[in-house]
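S.K.: One structure, as structure tokens, below. Some questions next.
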Amino acid sequence: MRGWAVAAGMALAASLSGCSDDPATDQKDVDAVEARALAAVDGVVHDAMDGTGLEFVSGRHRFVTCGDGLAAGGVIHRVSLNFGPSDEPVEDMVDAAASAMEADGWTVKRVENPAIVEGAKDGDDLRFQFGPAGTQVSIGSSCVDTSNDVANDYQDKGYTDLTWK
Amino acid sequence: MATIELPRTIDPVPTLDSTAVRAATFATNLRAVEVQVKDVQAWAESQGVPEGWQGDARDAADHGTTRFARRVDVSEAALEQAITATDRFEDRLVRLGARRIALANRRTTLNDDVETLRAEIEGNEAVEANVTAWERRASALRAGATDLVDDITAWNGDADDAEDEFIRSLQGVDEIAEGQRAGQDPDRPDPDALGRAFDRRVGDPVALAAWWRTLSRAQKQALLTERPHEIGNADGIPVRDRDEANRAAVYSDIDRLTRQEADGELTDDERAILDNAKVIREELNGRMDDVDPLSGEHLVHVIVYKPGEHGGDGGVAISFGDPDRADHVSVNVPGLTSETSSLPGNLARTEDLHGSASGQTDGTVASVFWLDYDAPSGNPVGSVDDLLDFGSVVGPGAADRGGERFSDFIDGLRASDEGERAHLTAIGHSYGSTTVGHALQDGLPVDDAILIGSPGVPEHTAAALTDADVWVGAKDNDPVSLLGADDGPGTLGGDPAQESFGATRFETGDGSSRIQDALGNHTSYFTGDSLHNLGAIVVNQDDNVTHDEERERWTDEGHYQTLPEYLVESTIKGAGGPIVDGVEEWGRDFIDSLSRGFGPGRFL
Numbered sequence: 003m004r005g006w007a008v009a010a011g012m013a014l015a016a017s018l019s020g021c022s023d024d025p026a027t028d029q030k031d032v033d034a035v036e037a038r039a040l041a042a043v044d045g046v047v048h049d050a051m052d053g054t055g056l057e058f059v060s061g062r063h064r065f066v067t068c069g070d071g072l073a074a075g076g077v078i079h080r081v082s083l084n085f086g087p088s089d090e091p092v093e094d095m096v097d098a099a100a101s102a103m104e105a106d107g108w109t110v111k112r113v114e115n116p117a118i119v120e121g122a123k124d125g126d127d128l129r130f131q132f133g134p135a136g137t138q139v140s141i142g143s144s145c146v147d148t149s150n151d152v153a154n155d156y157q158d159k160g161y162t163d164l165t166w167k
Numbered sequence: 002m003a004t005i006e007l008p009r010t011i012d013p014v015p016t017l018d019s020t021a022v023r024a025a026t027f028a029t030n031l032r033a034v035e036v037q038v039k040d041v042q043a044w045a046e047s048q049g050v051p052e053g054w055q056g057d058a059r060d061a062a063d064h065g066t067t068r069f070a071r072r073v074d075v076s077e078a079a080l081e082q083a084i085t086a087t088d089r090f091e092d093r094l095v096r097l098g099a100r101r102i103a104l105a106n107r108r109t110t111l112n113d114d115v116e117t118l119r120a121e122i123e124g125n126e127a128v129e130a131n132v133t134a135w136e137r138r139a140s141a142l143r144a145g146a147t148d149l150v151d152d153i154t155a156w157n158g159d160a161d162d163a164e165d166e167f168i169r170s171l172q173g174v175d176e177i178a179e180g181q182r183a184g185q186d187p188d189r190p191d192p193d194a195l196g197r198a199f200d201r202r203v204g205d206p207v208a209l210a211a212w213w214r215t216l217s218r219a220q221k222q223a224l225l226t227e228r229p230h231e232i233g234n235a236d237g238i239p240v241r242d243r244d245e246a247n248r249a250a251v252y253s254d255i256d257r258l259t260r261q262e263a264d265g266e267l268t269d270d271e272r273a274i275l276d277n278a279k280v281i282r283e284e285l286n287g288r289m290d291d292v293d294p295l296s297g298e299h300l301v302h303v304i305v306y307k308p309g310e311h312g313g314d315g316g317v318a319i320s321f322g323d324p325d326r327a328d329h330v331s332v333n334v335p336g337l338t339s340e341t342s343s344l345p346g347n348l349a350r351t352e353d354l355h356g357s358a359s360g361q362t363d364g365t366v367a368s369v370f371w372l373d374y375d376a377p378s379g380n381p382v383g384s385v386d387d388l389l390d391f392g393s394v395v396g397p398g399a400a401d402r403g404g405e406r407f408s409d410f411i412d413g414l415r416a417s418d419e420g421e422r423a424h425l426t427a428i429g430h431s432y433g434s435t436t437v438g439h440a441l442q443d444g445l446p447v448d449d450a451i452l453i454g455s456p457g458v459p460e461h462t463a464a465a466l467t468d469a470d471v472w473v474g475a476k477d478n479d480p481v482s483l484l485g486a487d488d489g490p491g492t493l494g495g496d497p498a499q500e501s502f503g504a505t506r507f508e509t510g511d512g513s514s515r516i517q518d519a520l521g522n523h524t525s526y527f528t529g530d531s532l533h534n535l536g537a538i539v540v541n542q543d544d545n546v547t548h549d550e551e552r553e554r555w556t557d558e559g560h561y562q563t564l565p566e567y568l569v570e571s572t573i574k575g576a577g578g579p580i581v582d583g584v585e586e587w588g589r590d591f592i593d594s595l596s597r598g599f600g601p602g603r604f605l
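Going down the list, the protein sequences come from chains G and R.
Using the numbering used here, the first residue of the first sequence is number 3, and each one after it goes up by one.
Using the numbering used here, the first residue of the second sequence is number 2, and each one after it goes up by one.
Dropping the structure here:
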């Protein structure tokens, strides 16, 4: 039993110590994911929201690690946008968001909750949740493999505000 | 033909100039200031006359500190009233917001009905047979429009009143004389007496919840700023009040410790508190404008804030949605390497779970991340303390102790629950599943339990573990999930994915079979099909769950991959990869250290 514990601990500990990928390559991959998400904000998200007349409240984006600190494994890029309340039926806005996503090549998924519509494209997930008291839009990437150091560096950058042009 | 009069289109309901979230943020700032003022007052009151001082010097010193404390109390009393007024304003804004939504819905329906009738009438005016029915409908619409306009006017008036009252309340304590009057107000809550009453009930969530409901708004707010760390962490206090207390504690801790840091007076323990508080503040600030789409209230709530506990790792619990009012509540417990500094990734995963669950129901959902136990963490190639912390993963001790704390937390959520009893799901990942297992063994009052990437639980059958429905997520290429299986070390208990255990195993995907991807497999349960299944279980949509076969030792087709087999095969498949190289290098260092002894600057 003790042998098992030592072997498993060694293997796990060694895994946790991280791999030695090339940081420059990692950063290039991560930056590409970020650029793709920000382009979606300027493109499909604008297309979906501009016709709603909803007031833009705030927007932010950031990176988080795929796993925990010592086993970060890579990073996920996340975008969050908040809009004000709406008096229009959520079904209409969901339909508008779905149309905008389809026109931009996203695979649209309708879920059980009629106030929510989701899309998937290039490993990214785009989600609109409409409500009478507020609307949230989020974009999340899949995990981009990096060394632990690179992943933690990106996470440590924290939030960056987004502007709505 | 008679003229049919239709009501004019109703204008949109005005929007509120103030929002509940902004009022809540303002109240948080006031509370943080109040906490610090109280700290100053407590310091002033504790200052006796310096030893050895006599005569006039003694009198002067005594008079000075007493007078200073009294002056501080004036500020404190003024702030108390401002906080209570802001808290009341926030609640009124929430209610006004709900009324506004109802009015907006009525307006939409009425305008639509008017347009429908107009379309029916236009072009058919000559059909006399319809006129009576049209007139009857038009009459009902006119009456409805009159009522709606009256209700919108009344709502507008109430919104103005709320703002006026709030402004008057703040203006009522913005001068020294008014602060003095507030301090002498016979109805001013006595935080000492309230504190004693609190102390008698803390530890009994049901009694505490019942007592808390009897307090006035001013009493709650007074106690909340008098003892924010205790109120914020007391099981049984409503989550929204815990959140208010904890936010005040976070921001006041940061202010106080940042000043100490600037003065060069920060101890190592205080450094850990400051670092943990900053991590939480970053998460809160980043979600400042995230609101519940239905209520407009803050989406995020801090339910536990213990930045100095667990050897400096800190304790924290944060929810998306309000567990006290949600139809479905989940609480997920993380495992190895979790500490407050790992909050960003853990909260992101919890947020994703909240999204998945919310998408599968039209009910309300709250998803809580709970880390208030000493999860094995630390860097195994760091200090001796870190190695010991990390090494606790091989034994159930931390899980057993953590299970007790988790049970207390769940008891608190049950006690503060409002309305119909929530459908509650406990989720444990990795070592967190062992922790949840120990809590289940002690009778954790949940409806469903989900064990993912589990290294083992303290019973060999689900029935022996709990009355709750037990679900298991286990990737075949997640070595941690094989630790409790046959041929595994089993130091933490049995594998809940085995058929003999009797749980329901859901689809998670198997993950890559290369050793390099082992940890990736272990840390990716909150994605893809696995995430969808977690969300379905959380909102009690069992039919949405896709199932996987439980692990069975021997079948006609063969048997599942045991841990020894996995390690051999995955290492062969990953040969030459960076992790394998890392294992070899680490192993050489380890053996070298063993042979030469540990020492500073060496392996440990």
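Built from N, CA and C at the ideal position, the CB exists for glycine as well.
Being a predicted model, the structure only gives us computed values, none of them experimental.
1. Could you check which residue in Gln-220(R), Arg-119(R) and Leu-493(R) has the C-alpha nearest to that of Asp-193(R)?
2. Which whole-angstrom value is the C-beta distance of Thr-67(G) and Ala-153(G), which I expect to be below 8 Å?
3. Which one or two residues does DSSP pair with Gln-138(G) in a beta bridge?
4. Tell me, to the nearest whole angstrom, how far the beta carbon of Ala-367(R) is from that of Ser-320(R); I am working on the premise that it is less than 8 Å.
5. Nearest to Asn-157(R) by alpha carbon, out of Thr-16(R), Ser-482(R), Arg-415(R) and Asp-74(R)?
6. Considering only C-alpha positions, which residue in the set Val-569(R), Gln-185(R) and Asp-487(R) is nearest to Val-75(R)?
7. Kindly list, in the order they appear in chain R, the residues whose Cβ is closer than 8 Å to that of Tyr-161(G).
8. Given this structure, state the Cα-to-Cα distance separating Ile-118(G) from Val-174(R), to the nearest angstrom.
9. State yes or no: is the beta carbon of Trp-166(G) nearer than 8 Å to at least one beta carbon in chain R?
10. Along the chain, where does the beta strand (DSSP E) that runs through Leu-452(R) open and close?
11. For Gly-491(R), I'd like the list of residues in its chain whose CB is within less than 8 Å of its CB, leaving aside the five on either flank, ordered along the chain.
12. Going by Cα to Cα distance, which pick from Ala-427(R), Val-95(R), Gln-82(R) and Pro-229(R) is closest to Ala-24(R)?
13. Helix, strand or coil for Arg-422(R) per DSSP?
14. Entirely within the segment 265-331 of chain R and at least 3 residues each: give me those beta strand (DSSP E) ranges in chain order.
15. Please classify His-461(R): does DSSP put it in a helix, a strand, or coil?
16. Pairs of beta-carbons, one from the segment 42-61 of chain R and one from the segment 94-108 of chain R, closer than 8 Å: are there three or more?
17. Compare the Cα-Cα distances from Ala-3(R) to each of Asp-254(R), Ser-339(R) and Ala-130(R) and report the closest residue.
18. If you reduce the DSSP assignment to three classes, tell me which class Trp-371(R) lands in.
19. Can you find at least 3 beta carbon pairs, one from the segment 56-69 of chain R and one from the segment 196-203 of chain R, that sit closer than 8 Å?
20. With 8 Å as the threshold, decide whether the Cβ of Gln-361(R) is near any Cβ in chain G.
21. Going along the segment 447-480 of chain R in order, which residues come within less than 8 Å of chain G, judged by CB to CB distance?
22. Would you tell me roughly how many angstroms separate the C-alpha atoms of Phe-167(R) and His-299(R), rounded to the nearest one?
23. Taking 6 Å as the limit between beta carbons, can you name the residues of its chain near Gly-438(R), skipping five residues before and five after?
24. At which residue ranges does the segment 39-126 of chain R contain complete beta strand (DSSP E) runs of 3 or more residues, listed in the order of the chain?
25. Indicate the three-state DSSP secondary structure (helix, strand or coil) for Ser-417(R) in the structure shown.
26. Please go through the same chain and pick out, in chain order, the residues whose beta-carbon is closer than 8 Å to the beta-carbon of Arg-506(R), but skip the five residues on each side of it.
27. Does any CB atom of chain R fall closer than 8 Å to the CB of Asp-70(G)?
28. When the Cα of Thr-109(R) is compared with those of Asp-31(G), Ser-88(G) and Phe-130(G), which residue comes out closest?
29. Can Ile-304(R) and Lys-279(R) be called in contact, C-beta distance under 8 Å?
30. Tell me the rounded alpha-carbon separation between Val-382(R) and Ala-74(G).
31. Counting only beta-carbon atoms, is Val-292(R) nearer than 8 Å to chain G?
32. Suppose you measure from the CA of Lys-167(G) to the CA of Gly-45(G); what does that come to, to the nearest Å?
33. Give me the Cα-Cα distance between Ala-519(R) and Asp-511(R), rounded to the nearest whole angstrom.
34. If I measure Cβ to Cβ from Glu-81(R) and keep anything under 8 Å in the same chain, skipping five residues before and after, which residues do I get?
35. Using C-beta distances below 7 Å, list every residue in its chain close to Ile-148(G), excluding the 5 sequence neighbours before and after it, in chain order.
36. Quick check: the segment 409-424 of chain R against the segment 245-264 of chain R, are there 3 or more CB pairs under 8 Å?
M.R.: Put simply:
1. Here residue 193(R) is taken as the residue at index 192 of the second sequence, counted from 1. When only C-alpha atoms are compared, the closest one is Gln-220(R).
2. Position 65 of the first sequence, counted from the start, is the residue given in the question as residue 67(G). Position 151 of the first sequence, counted from the start, is the residue given in the question as residue 153(G). That pair is a contact at about 5 Å.
3. Residue mapping note: residue 138(G) aligns to position 136 of the first sequence, counting from 1. Asn-84(G) and Gln-131(G).
4. Working through the second sequence from its first residue, we reach residue 367(R) at position 366. Working through the second sequence from its first residue, we reach residue 320(R) at position 319. Confirmed, about 5 Å.
5. The sequence position of residue 157(R) within the second sequence is 156, counting from 1. The shortest Cα separation from Asn-157(R) among Thr-16(R), Ser-482(R), Arg-415(R) and Asp-74(R) belongs to Thr-16(R).
6. The residue you call residue 75(R) lines up with position 74 of the second sequence. Nearest option by C-alpha distance: Gln-185(R).
7. What you label residue 161(G) is simply residue 159 of the first sequence in a count that begins at 1. Glu-283, Asn-286 and Gly-287, listed in chain order.
8. Taking the first residue of the first sequence as 1, we reach residue 118(G) at position 116. Taking the first residue of the second sequence as 1, we reach residue 174(R) at position 173. Across the structure, Ile-118(G) and Val-174(R) are spaced so that their CA atoms are roughly 45 Å apart.
9. As a first step, residue 166(G) is located in the first sequence; it is residue number 164 there, counting from the start. Interface with chain R (8 Å Cβ-Cβ cutoff): Trp-166(G) is excluded.
10. Position 451 of the second sequence, counted from the first residue, corresponds to residue 452(R). In the DSSP assignment, Leu-452(R) falls within the unbroken beta strand (DSSP E) covering 449-453.
11. The residue you call residue 491(R) lines up with position 490 of the second sequence. The beta carbon of Gly-491(R) sits closer than 8 Å to those of Gly-457, Leu-484 and Gly-485, all from its chain and outside the five residues before and after it, given in chain order.
12. Along the second sequence, read from residue 1 onward, the residue named residue 24(R) stands at position 23. That would be Val-95(R), whose Cα lies nearest to the Cα of Ala-24(R).
13. In the second sequence, counting from the first residue as 1, residue 422(R) sits at position 421. Here Arg-422(R) sits in coil by DSSP.
14. Counting only runs of 3 or more, we get 301-307 and 316-321.
15. Taking the second sequence and counting its residues from 1, the one referred to as residue 461(R) is at position 460. In the structure shown, the three-state DSSP call for His-461(R) is coil.
16. Taking a contact to require three or more Cβ pairs closer than 8 Å, the segment 42-61 of chain R and the segment 94-108 of chain R do not qualify as touching.
17. Looking up residue 3(R) in the second sequence gives position 2. For Ala-3(R), the nearest C-alpha among the options comes from Ala-130(R).
18. Counted from its first residue, the second sequence places residue 371(R) at position 370. Trp-371(R) falls in the strand class under three-state DSSP.
19. Touching, no, given that fewer than three Cβ pairs across the two stretches are closer than 8 Å.
20. One-based indexing of the second sequence puts residue 361(R) at position 360. Cβ-Cβ to chain G under 8 Å: yes for Gln-361(R).
21. If the cut-off is 8 Å between Cβ atoms, the segment 447-480 of chain R has Pro-480 near chain G.
22. Along the second sequence, one-based indexing puts residue 167(R) at 166. Along the second sequence, one-based indexing puts residue 299(R) at 298. About 20 Å.
23. Residue mapping note: residue 438(R) aligns to position 437 of the second sequence, counting from 1. Hits under 6 Å: Val-458 and Pro-459.
24. Listed in chain order, nothing qualifies, since the segment 39-126 of chain R has no complete beta strand (DSSP E) run of 3 or more residues.
25. Locating residue 417(R) in the second sequence gives position 416, counting from the first residue. In the displayed model, Ser-417(R) falls within a helix according to three-state DSSP.
26. The residue given as residue 506(R) occupies position 505 in the second sequence. The beta carbon of Arg-506(R) lies closer than 8 Å to those of Trp-472, Val-473, Gly-474, Ala-475, Ala-498, His-548, Asp-549, Glu-550, Glu-551 and Arg-552 in the same chain, with the five residues before and after it left out.
27. Locating residue 70(G) in the first sequence gives position 68, where the first residue counts as 1. Chain R contact via Cβ: present.
28. In the second sequence, the residue the question calls residue 109(R) occupies position 108. Closest option to Thr-109(R), Cα to Cα, is Ser-88(G).
29. What you label residue 304(R) is simply residue 303 of the second sequence in a count that begins at 1. What you label residue 279(R) is simply residue 278 of the second sequence in a count that begins at 1. Taking 8 Å as the Cβ cut-off, Ile-304(R) and Lys-279(R) do not qualify as a contacting pair.
30. Indexing the second sequence from 1 puts residue 382(R) at position 381. Indexing the first sequence from 1 puts residue 74(G) at position 72. Only weak support is given to the placement of Val-382(R): the predicted model assigns it a pLDDT of 48, under 50, and the question is left unresolved by the model.
31. For the purposes of this step, residue 292(R) is taken as the residue at position 291 of the second sequence. By this cut-off, Val-292(R) is an interface position.
32. Locating residue 167(G) in the first sequence gives position 165, where the first residue counts as 1. Locating residue 45(G) in the first sequence gives position 43, where the first residue counts as 1. Distance between the alpha carbons of Lys-167(G) and Gly-45(G): 11 Å.
33. The residue given as residue 519(R) occupies position 518 in the second sequence. The residue given as residue 511(R) occupies position 510 in the second sequence. C-alpha separation (whole angstroms): 11 Å.
34. Taking the second sequence and counting its residues from 1, the one referred to as residue 81(R) is at position 80. Only Glu-35, Ala-183, Arg-189, Pro-190, Ala-219, Gln-222, Ala-223 and Thr-226 meet the Cβ criterion.
35. Counting from one through the first sequence, the residue named residue 148(G) turns up at place 146. In the sequence under discussion, the amino acid at residue 148(G) is Thr, which differs from the Ile named in the question. Asp-23, Asp-28, Val-32, Gly-76 and Val-77.
36. No, they do not touch.
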